[in-house]
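**Q** If you read the protein sequences in the order shown, they are chains A and B.
Going by the working numbering, the first sequence opens with residue 485, and the numbers climb by one from there.
Going by the working numbering, the second sequence opens with residue -16, and the numbers climb by one from there.
Even for Gly, the Cβ is constructed at its ideal location relative to N, Cα and C.
Input: one structure, supplied below.
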Amino acid sequence: MERAAEGNRRGYLAERGWRSWAYTMDHKRIGVMYLYTTIAFFLVGGVFALLLRLELLSPQAKYFSDHAYNVFFTLHGAMMIFLFIIPAIPSGLGNFFIPLHIGARDVAFPRINLASYWVFVAGFLVVIASLVSPMDTGWTFYTPYSAKTGAAVATLSFGIFLIGMSSILTGLNFIVTIHKLRAPGMTWHRLPLFIWGMYATSIIQVIATPVVGVTFLLLAMERLLGVGFFDPAKGGDPVLFQHFFWFYSHPVVYVMILPAMGIISEVIPVFSRKPIFGYKAIAYSSLAIAFLGFLVWGHHMFTSGMSPLANAIFSFLTFFVAVPTAVKVFNWIATLYKGSITFESPMLYALTFIFLFAVGGLTGPFLGALATNVQLHDTYFVVAHFHYTMMGGTVMGFFAGLHYWFPKMTGKMLNEKVARIAWALVFVGFNVTFFTMFIVGVRGMPRRYAEYLPKFHVENVISTVGSAILAVGIAVMVLNFILGLRKGAPAPGNPWRALSLEWQTPSPPDTDNFHEIPVVTDWPYGYGKAEGPAE
Amino acid sequence: MNAPPAGHGDPRVAFESAKLGLWTFLATEVLLFGALFTAYAVFRAKYPEMFRSEHLKLNRVLGTLNTLVLITSSLAVVLGVDAIRRGKARLLEKYYGATILLGAVFLCVKYVEWTGEFRHGLYPGTNIFFSLYFMMTGLHGIHVILGMGVLAYVVVLSRRGRFSSGYHTPVEMAGLYWHFVDLVWIYLLPLLYLIG
């Protein structure tokens, strides 16, 4: 017993060998495994994106067949959504930092946590198995095409069903952990805002994911047994599939963005040396976004043949999402106001998040409004909009989190100069790639075609050049991570002088997180006050 | 490798965590069936005549019988939980064993029903009503099988002497899950068999 306790006081990375990872119930190790896995899929999904951009260098299909192009954008979308952006922050960073943030030794159900990782692995193995006859339906799997194509739809559906199960288990674990395992004195209004974001996220995961699970089950049954729910010839309704699909897939965009917003709420006050402005507004706006997110799925279907009344209601409700979202953005900016801002790499990415997400967010209402939606539907404007929110938002938030917590997770410091070079390349590359898509989109270039009219040629070349810059930026960043892991200077416990609990542990934290469960007496945002840490 | 004890070693926190976790899980289950109930509502509104004529082809006697079987099985679960609260592990095993048996009876009756329908040329895909019928009862049947597995695991644990009047969280959780499976059927019976 004595020795076991001693073992818990070595850094969580001390134990070696594959067994110490494969069977681990330490939330930190499970988080790290998720991070490695999801980042790998991010890179693979990115390669598919580069192939798409390569094909679009010329107006005529040149390098691949149209079918290959369809497969590439399907795999790009499906991988980025299901294997990277949904699990990366919640299951990766969330797993690592939720218990540390609330002063707990682990999540509520460590065994289920490990199971969720292996179910995720089983899921992506099935997804990879489906590549024998790769999907060409787009990541949305719309019927009737998905019920008829020769691609391995049933296999891929099953893989995503498993990934969904893993997502449910993770969300369930986090909800219980946040409710039941907070340290003494850690009241709801003393929780770091990352936890509020993760709590709202977990609720969406738990409520929305089973619906997409059963949807894919029915799609598989459609193909295997011909049940006909989505087949007009049998009295079914393809639009019903879209309703089911978006009932999950719209709320899930908030599974992607809410944790990133949580990270931004952590990073901004630390690097402004100011208490976060509007704590409760930011906290409850997360819940409001989660709630409203369930009421607006129909705005993906304005051109699908819903009734005009349903269209109008969904459009009306969609505008409400802008309110809690703007509440957050205004509060972050108010936090920055008169702060002692420093521009370390996590802060650069956090500010980039605010800027790019504002562009992505403000182009949302164009698509939420009925009249402009009909004009812009399925054009590159949509592609630009959701890349500004998902990549400009979530991925930048993820990068901010990776740079912010890298010293804590690895015990090593990153090379700050290289990190800033990578950031500059990513920032420029991203905007060159995607801003041009707004322009071609408004001018009417439709998405998902391997060929396009010659009048869009210049913009597409610019966009492809941008994607190359972006790729170089990400390569430099990954290289910096590898160098940091191998040769980084040892990280102190609290390099950013932050106040939340994870920084009060050594870097990397010990296996049991806290030798004594801390007693919390204040919120974690008291920056710039005399009783704060040494300024 | 060594996970910290559940609830940081506080058994009350561990029990409450398990309970909250299970209710959250049941919420996901409601949503899982919810999509099928939605499909049911949509298609019933669209084809009221088909639902009226097709549902007459189902075997109401066996459906009612199965309802009685499941309600009885839930009674056995309640008695089992009550038994372990009083510390009687052997009695718990008997009641949960009876529940598993009743679950098996339910599945056998379902098997008779399904094969009867197949004989009459009624398959998933025959029409929307029968697609719904087979999907909903099929998904429910899978849950019955899973529930039986969970109950069996609890019985095995009990035989190893794991439960007492002080600690029996898995018993209560498995029981709660079984009640949920039972409850789904309570909705399926009127919607599928008794809509006329």
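Taking Y30 (chain B) as the query, report the chain A residues whose CB atoms sit under 8 Å from its CB, ordered along the chain.
**A** Under the 8 Å cutoff, chain A gives G719.
**Q** Using the Cα positions of L175 (chain B) and D715 (chain A), report the straight-line distance between them to the nearest angstrom.
**A** Roughly 22 Å between the two C-alpha positions.
**Q** Less than 7 Å between CB atoms is the rule here; does V(-4) (chain B) satisfy it with respect to chain A?
**A** Yes, its Cβ sits closer than 7 Å to a Cβ of chain A.
**Q** What residues of chain A sit near G108 (chain B), judged by a beta carbon separation below 8 Å?
**A** By Cβ distance, chain A contributes L709, G710, V711, G712 and K718.
**Q** Have a look at M564 (chain A) and F526 (chain A) and give me their C-alpha separation to the nearest angstrom.
**A** Straight-line Cα distance between these residues: approximately 6 Å.
**Q** Between which two residues does the alpha helix (DSSP H) carrying Q544 (chain A) extend?
**A** That residue, Q544 (chain A), is in no alpha helix (DSSP H); it is neither H nor E in DSSP.
**Q** Drop a sphere of 10 angstroms on the beta-carbon of R35 (chain B), count the other beta-carbons inside from all chains shown, and report buried for 16 or more, exposed for fewer.
**A** Result: exposed.
**Q** According to DSSP, T863 (chain A) sits in a beta bridge with which residue or residues?
**A** DSSP output for T863 (chain A) lists A:P930 as bridge partner(s).
**Q** Shortest alpha-carbon distance to T878 (chain A) belongs to which of A:K822, A:L779 and A:P743?
**A** Of the candidates A:K822, A:L779 and A:P743, the one whose C-alpha sits nearest the C-alpha of T878 (chain A) is A:P743.
**Q** In this structure, does DSSP put P974 (chain A) in helix, strand or coil?
**A** DSSP places P974 (chain A) in strand when its eight states are reduced to three.
**Q** Give every residue of the same chain whose Cβ lies closer than 7 Å to the Cβ of Y833 (chain A), excluding the five residues on either side of it in the sequence, and list them in chain order.
**A** Cβ neighbours of Y833 (chain A) beyond the five flanking positions: M880, F883, A884, H887 and W907.
**Q** Taking the C-alpha atoms as reference points, what is the distance between R595 (chain A) and Y933 (chain A)?
**A** Going from the Cα of R595 (chain A) to the Cα of Y933 (chain A) covers about 45 Å.
**Q** Contact check, I582 (chain A) vs I662 (chain A) under 8 Å by CB: the rounded distance?
**A** That belief holds up - the Cβ atoms of I582 (chain A) and I662 (chain A) are roughly 7 Å apart, short of 8 Å.
**Q** Since I believe S984 (chain A) is in contact with N750 (chain A) (beta carbons under 8 Å), could you give me their beta-carbon distance rounded to a whole number of angstroms?
**A** Asn is not the amino acid found at residue 750 (chain A); the sequence shown has Glu there. Indeed, because the Cβ distance is near 7 Å, the residues count as touching under 8 Å.
**Q** Could you name the residues of the same chain whose beta carbon sits closer than 6 Å to that of R537 (chain A), not counting the 5 residues immediately before and after it, in chain order?
**A** T948 and S951, listed in sequence order.
**Q** By DSSP, does R487 (chain A) sit in helix, in strand, or in coil?
**A** With a pLDDT of 48 at R487 (chain A), under the threshold of 50, the predicted position of this residue should be treated as unreliable, and no value is reported.
**Q** Using only the alpha-carbon positions, how far apart do G587 (chain A) and P(-6) (chain B) sit?
**A** Rounded to the nearest angstrom, the two C-alpha atoms are 18 Å apart.
**Q** If contact means a Cβ-Cβ distance below 9 Å, which residues of the segment 718 to 752 of chain A contact chain B?
**A** Those would be K718, G719, G720, D721, L724, H727, F728 and F731, in chain order.
**Q** Flag this pair as touching only if the segment 107 to 122 of chain B and the segment 138 to 149 of chain B have three or more C-beta atom pairs under 8 Å; answer yes or no.
**A** Judged by Cβ distances under 8 Å, the segment 107 to 122 of chain B makes no contact with the segment 138 to 149 of chain B, as fewer than three pairs qualify.
**Q** Could you check where the alpha helix (DSSP H) with T699 (chain A) kicks off and where it finishes?
**A** Counting along the chain, the alpha helix (DSSP H) containing T699 (chain A) begins and ends at L677 to L708.
**Q** At a cut-off of 6 Å, would you count G681 (chain A) as near the ligand MG, judging by its Cβ distance to the nearest heavy atom?
**A** The ligand MG is absent from the structure shown, which contains no ligand whatsoever.
**Q** Pull up the distance between the alpha-carbon of W168 (chain B) and that of K2 (chain B), whole angstroms please.
**A** Those two C-alpha atoms are separated by around 23 Å.
**Q** Take N944 (chain A) and list the residues in its own chain whose beta-carbon comes closer than 6 Å to its own, dropping the five residues that flank it on each side.
**A** The residues are L540.
**Q** Quick one: which chain B residues come within Cβ less than 9 Å of V690 (chain A)?
**A** Those within 9 Å of V690 (chain A) in chain B are T7, F8, A10, T11 and L14.
**Q** What runs of the beta strand (DSSP E), each 3 residues or longer, lie entirely inside the segment -5 to 30 of chain B?
**A** Whole beta strand (DSSP E) segments, 3+ residues: zero.
**Q** Anything in chain B within Cβ reach of K764 (chain A), meaning under 8 Å, just list it in chain order.
**A** Going along chain B, no residue has its Cβ under 8 Å from K764 (chain A), so there is no contact; the nearest lies around 24 Å.
**Q** If I measure Cβ to Cβ from M740 (chain A) and keep anything under 7 Å in the same chain, skipping five residues before and after, which residues do I get?
**A** Taken in chain order, the residues that qualify are I569, I570, M874 and T878.
**Q** Does any residue of chain A bring its CB to less than 7 Å from the CB of I128 (chain B)?
**A** No, its Cβ sits nowhere closer than 7 Å to a Cβ of chain A.
**Q** Excluding the 5 residues preceding and the 5 following K718 (chain A) in the sequence, name in chain order all residues of the same chain whose CB lies nearer than 6 Å to its CB.
**A** So the qualifying residues of the chain are G712.
**Q** Alpha helix (DSSP H) containing K632 (chain A): first to last residue?
**A** It spans Y629 to K632 - the alpha helix (DSSP H) in which K632 (chain A) sits, taken as one unbroken run.
**Q** For G669 (chain A), which residues of its own chain have a beta-carbon under 7 Å away from its beta-carbon, when the five flanking residues on both sides are left out?
**A** Around G669 (chain A): V1003, V1004 and T1005.
**Q** Could you tell me how far apart the beta carbons of P930 (chain A) and T836 (chain A) are, in whole angstroms, since I believe they sit closer than 8 Å?
**A** Contact flag wrong, Cβ pair sits at about 29 Å.
**Q** Whole angstroms are fine: how far does the CA of F642 (chain A) sit from the CA of T624 (chain A)?
**A** Taking the straight line joining both Cα atoms gives about 15 Å.
**Q** Leaving out the 5 sequence neighbours to the left and right, which residues in its chain are closer than 6 Å to P1008 (chain A) when beta-carbon positions are compared?
**A** Excluding positions up to five away in sequence, the list reads P676, L983 and S984.
**Q** Could you tell me whether the segment 127 to 143 of chain B touches the segment 27 to 43 of chain B, using the rule of 3 or more Cβ pairs below 8 Å?
**A** No, because fewer than three Cβ pairs between the segment 127 to 143 of chain B and the segment 27 to 43 of chain B fall closer than 8 Å, the two stretches do not touch.
**Q** Could you tell me which whole alpha helix (DSSP H) segments of length 4 or greater appear in the segment 601 to 671 of chain A?
**A** Runs found: 629 to 632 and 637 to 664.
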